[in-house]
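Residue numbers (UniProt numbering): 1 to 101.
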């Protein structure tokens with residue numbers, strides 16, 4: 001565990017992706033690449049929020065994404081992770097075969 005010391009959010013508009021990095025006080029680095037084309041279930045609400053916007057550059061996207069993440073209540077993140085656990089369970093139960101939501 002450990003508290004988050006540093007967070008970095010990097011956007012790539014042309015690739016439809018955002019990279020999230022969190023450095024914890026215990027030295028653990030957590031990196032998550034979010035490819036919006038393939039991770040709709042994880043960040044559907046963020047994609048919906050951004051879909052009505054047009055950004056002049058990657059930095060503008062980074063600022064908006066950072067603000068959006070900070071505005072979300074902890075219950076939002078808990079629900080996302082609970083959904084992931086459910087989907088992972090489905091996948092593991094069929095030994096990696098294709099599953100529908």
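C-beta: ideal position from N, C-alpha, C; glycine also.
Check, Outcome
"According to DSSP, which residues form a beta bridge with residue 62?", "Residue 62 is not bridged to any residue."
"Please tell me whether residue 28 and residue 21 are closer than 8 angstroms, where the distance is taken between their beta carbons.", "no"
"In angstroms, rounded to a whole number, what distance separates the CA positions of residue 79 and residue 58?", "28 angstroms"
"Given that a residue counts as buried once 16 or more other Cβ atoms are within 10 Å of its Cβ, and exposed if not, what is residue 50?", "buried"
"Give the DSSP-derived three-state secondary structure of residue 7 in the structure shown.", "strand"
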